[in-house]
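**Student:** With this note's numbering applied, the sequence shown closes on residue 139, and no number is skipped along the way. Beta carbons are placed, not taken as given, at the ideal position from N, Cα and C, and that holds for glycine. Everything numeric in this text was worked out from a predicted model, so none of it was measured. I'd like to ask you about the structure that follows.
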Amino acid sequence: MGGNAWTQTGPYQPDLKAAFRQTREETFARDNHGFEGRSVEELWRDPAWHEYVFTGGTATVLDFPSMIDATDSSDGPFMRPLTDEEVRAWSPVGRPTHEEWNEALASGRLDYPDVQGNCTVLYENGEPAGIGYWGVTTD
Numbered sequence: 001m002g003g004n005a006w007t008q009t010g011p012y013q014p015d016l017k018a019a020f021r022q023t024r025e026e027t028f029a030r031d032n033h034g035f036e037g038r039s040v041e042e043l044w045r046d047p048a049w050h051e052y053v054f055t056g057g058t059a060t061v062l063d064f065p066s067m068i069d070a071t072d073s074s075d076g077p078f079m080r081p082l083t084d085e086e087v088r089a090w091s092p093v094g095r096p097t098h099e100e101w102n103e104a105l106a107s108g109r110l111d112y113p114d115v116q117g118n119c120t121v122l123y124e125n126g127e128p129a130g131i132g133y134w135g136v137t138t139d
């Protein structure tokens, strides 16, 4: 059985790791999945959270403890930004809009990753406007 594919967007910051942490905190504030009174970092030290995430997940950025660098090939439940080359494979200009990102995912030109999440900066009028995150929940 496979997991469910999901997408999410968050605010842009030049520091993608900081933007990821902000999006996780905002996502957790909207829905704590019954794990009240803790930070996201504290959750990732709780075996009950691991069980929750690794047997179904939240289908959000909460399913990842940290962001790795774009060129890092580590396996595991990490969020990884796409490299410029990976972005240009489906967005030749290299500044994908939200619509272009959605279309690339829907058409299969952009894959949903196994075990990891991916992200990329999304642009509006040529300027960074947000970050698109996507992945597949564990099963």
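Please state whether DSSP places residue 32 in a helix, a strand or coil.
**Tutor:** Here residue 32 sits in coil by DSSP.
**Student:** Measuring from the CB of residue 30, is there a heavy atom of the ligand FAD at a distance below 8 Å?
**Tutor:** The ligand FAD is not part of the structure shown, which contains no ligands of any sort.
**Student:** Taking buried to mean at least 16 other C-beta atoms within 10 Å of its own C-beta, is residue 96 buried or exposed?
**Tutor:** Residue 96 is buried by the Cβ-count criterion.
**Student:** Considering only residues of the region 74–114, which uninterrupted beta strand (DSSP E) runs meet the minimum length of 3 residues and lie entirely inside it, listed in chain order?
**Tutor:** Entirely contained in the region 74–114, the beta strand (DSSP E) runs reaching 3 residues are, in chain order, 79–81.
**Student:** Is the beta carbon of residue 122 less than 9 Å from the beta carbon of residue 9?
**Tutor:** Yes, the Cβ-Cβ distance between residue 122 and residue 9 is below 9 Å.
**Student:** Could you give the first and the last residue of the continuous beta strand (DSSP E) run that contains residue 122?
**Tutor:** Element bounds for residue 122: 117–124.
**Student:** State the CB to CB distance for the pair residue 76 and residue 138, rounded to an integer number of angstroms; the pair is presumed to be in contact (CB under 8 Å).
**Tutor:** About 11 Å; that fails the 8 Å criterion.
**Student:** Classify residue 70 as helix, strand or coil using the three-state DSSP reduction.
**Tutor:** Note: residue 70 maps to coil in three-state DSSP.
**Student:** According to DSSP, is residue 14 part of a helix, a strand, or is it coil?
**Tutor:** It is coil, neither helix nor strand.
**Student:** Sorted by chain position, which residues of the same chain lie with C-beta nearer than 8 Å to residue 53's C-beta, five sequence neighbours on each side aside?
**Tutor:** Once the five neighbours on either side are set aside, the close Cβ partners of residue 53 are 62, 63, 77, 138.
**Student:** Quick one, which of 5, 20, 83 has its alpha-carbon nearest residue 12's?
**Tutor:** Closest by alpha carbon: 20.
**Student:** Considering only residues of the same chain and omitting the five flanking positions on each side of residue 129, which have a CB-CB separation below 7 Å?
**Tutor:** So the qualifying residues of the chain are 12, 122, 123.
**Student:** By DSSP, does residue 48 sit in helix, in strand, or in coil?
**Tutor:** Three-state DSSP puts residue 48 in a helix.
**Student:** Compute the distance between the beta-carbons of residue 80 and residue 113, then report whether it is under 9 Å.
**Tutor:** Going by C-beta atoms, residue 80 is nearer than 9 Å to residue 113.
**Student:** Decide if residue 132 is buried, meaning its Cβ has at least 16 other Cβ atoms within 10 Å, or exposed.
**Tutor:** Residue 132 is buried by the Cβ-count criterion.
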